[in-house]
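In UniProt numbering, the protein residues as written are 1 to 164.
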């Protein structure tokens with residue numbers, strides 16, 4: 001499988017991003033994984049985030065949109081008042097038809113490179129405390145747990161790694 005490099009999402013990508021998110025929500029629910037509850041990210045919210053330049057997509061010639069990542073430079077919702085310069089990732093998604101091809105690693109490396117290009121020293125992300133598989137995946141990519149953020153309905157482990 002050959003993937004195009006990540007490119008900025010456009011309004012034409014919103015439906016595909018939303019469809020990928022919904023398919024992964026369904027897949028996780030069917031497999032007992034708790035990360036994104038069904039319907040937790042609306043099409044309208046994705047559209048606003050695309051308009052803000054936050055979403056990046058990866059296409060495959062045969063399958064279409066197969067991966068996404070949402071890149072942020074601040075994340076007060078999860079990291080509070082911590083203003084340490086960092087690149088933050090949300091919405092890392094790989095179509096199940098492209099799973100096992102290294103696309104998740106490619107997207108993480110790409111996001112880290114964007115942080116390095118911007119001169120920030122940290123790469124941050126989170127996962128639900130109830131998702132040890134995803135936490136292990138991130139730890140395998142050099143992230144370490146540095147805290148926890150508790151919300152009314154769930155808690156997240158905050159993870160980071162240093163950038164060169």
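Just so you know, even glycine gets a beta-carbon here, dropped at the ideal spot from N, CA and C.
Here the alpha carbon of residue 149 sits roughly 15 Å from the alpha carbon of residue 88. Annotation: the continuous beta strand (DSSP E) that includes residue 158 extends over 155-162. The three-state secondary structure of residue 93, taken from DSSP, is strand. DSSP, reduced to helix, strand and coil, places residue 38 outside both helices and strands of the structure shown, so it counts as coil.
Check the Cα spacing between residue 90 and each of 63, 66 and 123: the tightest is with 123.
Burial check for residue 104: the Cβ neighbour count within 10 Å reaches 16 or more, so the residue is buried.
As a beta-bridge residue in DSSP terms, residue 126 pairs with 158. Taking residue 86 as reference, the option from 4, 164 and 129 with the minimal CA-CA separation is 164. Closest in alpha carbon position to residue 38, among 27, 48, 11 and 99, is 27.
The region 55-70 and the region 154-161 do not touch, with fewer than three beta-carbon pairs separated by less than 8 Å.
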